[in-house]
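A.B. asks: Mapping of the sequence shown onto my numbering: position 153 corresponds to residue 156, and the numbering continues sequentially without gaps.
Each residue gets a CB set at the ideal place from its N, CA and C atoms; glycine is no exception.
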Amino acid sequence: GVAYNFGVAILLSTVVIKLLLFPLVYSSSKSMAKMRGLQPKMKEIQERYAADPQRQQQEMLKLYQTEKVNPAAGCLPILLTIPVFFALYKTLSVTIEMRHAPFFGWIRDLSAPDPASVVNLFGLLPFNPHTVPIIGAWIGIGVWPILYGASMLALQKLSPPPTDPTQAAIFQWLPIVYMFLFASFPAGLVIYWTWSNLITIIQQYVIMRRQGVETEFDKWLARMRNAPAQPAE
């Protein structure tokens, strides 16, 4: 039943962890909001000292000190969740009780990769692509890794983009990279990380709205409201 479902336990544990870390997340979000406000000044420094990277770095540091912001503050909540990630990975990989522990739907084993993919028509065909050596995980990306990639993409929309063009390009590809990477991970781990991202998205959206920041979701809603109605044929 639900009361003895390890997957439900993972979801509830994630909620507890997120609630405990919320004060730190709120503080980091305030720092990120200041960073967004500094984007014009940062861009001006980049353009002014484009030929002198060392001077550009010095001016950036001077700007951070003057405005009293820490560009790495947004990374701290993520760093604190890394031990949880590895502890859960170890639990799913080693603990005997987790073997063949089901969740809901097609997830019958939280310690195994998500078996539902395009290759087996999302579980309609009796074929597990992960049984194929070497390439099984790559050709059989499950539903949960795809959901994780989508949640990571949505989370990026709420975060200020990197100022460095190279970092920005890498940033855009990360959801796809992690989607393939997580294809071979235990389903329980991917469920945890996806659920964690969803809670973070909600927290971030609420915080940004309270700070008066217009999010990409708000812009999309505004476009939908202002879109002209299609004439009936």
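Span of the alpha helix (DSSP H) holding residue 10?
C.D. replies: Run containing residue 10: 9 to 40, per the alpha helix (DSSP H) assignment.
A.B. asks: Taking one C-beta from the stretch 108 to 122 and one from the stretch 32 to 52 each time, how about it: are there three or more such pairs within less than 8 Å?
C.D. replies: In short, these stretches do not touch, since the Cβ pair count stays below three.
A.B. asks: In chain order, what residues of the same chain lie with their CB nearer than 8 Å to the CB of residue 13, ignoring the 5 residues before and after it?
C.D. replies: These residues qualify, in order along the chain: 91, 113, 191, 194, 195, 198.
A.B. asks: In whole angstroms, what separates the C-alpha of residue 38 from that of residue 32?
C.D. replies: So the two alpha carbons sit approximately 10 Å from each other.
A.B. asks: Report the rounded CA-to-CA distance for residue 6 versus residue 44, giving the unit in angstroms.
C.D. replies: Here residue 6 scores only 47 on pLDDT, less than 50, and its place in the model is too uncertain to base an answer on.
A.B. asks: Mapping DSSP to helix, strand and coil, what is residue 67?
C.D. replies: In this structure, residue 67 counts as helix in the three-state DSSP scheme.
A.B. asks: Determine contact between the stretch 167 to 176 and the stretch 204 to 215, defined as no fewer than three beta-carbon pairs at a distance below 8 Å.
C.D. replies: These segments do not touch.
A.B. asks: Relative to the C-alpha of residue 82, which residue among 146, 188, 24 is closest?
C.D. replies: Residue 24 is the option with its Cα nearest to residue 82.
A.B. asks: Give me the Cα-Cα distance between residue 16 and residue 58, rounded to the nearest whole angstrom.
C.D. replies: Rounded to whole angstroms, residue 16 to residue 58 spans 46 Å at the Cα level.
A.B. asks: Check residue 117 in the structure and name its three-state DSSP category.
C.D. replies: Correct three-state label for residue 117: coil.
A.B. asks: What did DSSP end up calling residue 229 once you bin it into helix, strand or coil?
C.D. replies: Residue state, collapsed to three classes: helix.
A.B. asks: Give the DSSP-derived three-state secondary structure of residue 162 in the structure shown.
C.D. replies: It is coil, neither helix nor strand.
A.B. asks: What are the start and end residues of the alpha helix (DSSP H) that includes residue 199?
C.D. replies: 190 to 213 is the span of the alpha helix (DSSP H), which, as asked, contains residue 199.
A.B. asks: Are there 16 or more other CB atoms within 10 angstroms of the CB of residue 89, so buried, or fewer, so exposed?
C.D. replies: By the neighbour-count rule (16 or more Cβ atoms within 10 Å), residue 89 is not buried but exposed.
A.B. asks: Which residue from 106, 28, 184, 41 puts its Cα closest to that of residue 240?
C.D. replies: Nothing can be reported for residue 240: it is not among the residues displayed for the chain, which extend from 4 to 236.
A.B. asks: Leaving out five residues before and five after residue 153 in sequence, what residues of the same chain have Cβ atoms less than 7 Å from its Cβ?
C.D. replies: Excluding positions up to five away in sequence, the list is empty.
A.B. asks: Taking residue 72 as part of the alpha helix (DSSP H), name the residues at either end of that continuous run.
C.D. replies: Neither: residue 72 is in no alpha helix (DSSP H) and is coded neither H nor E.
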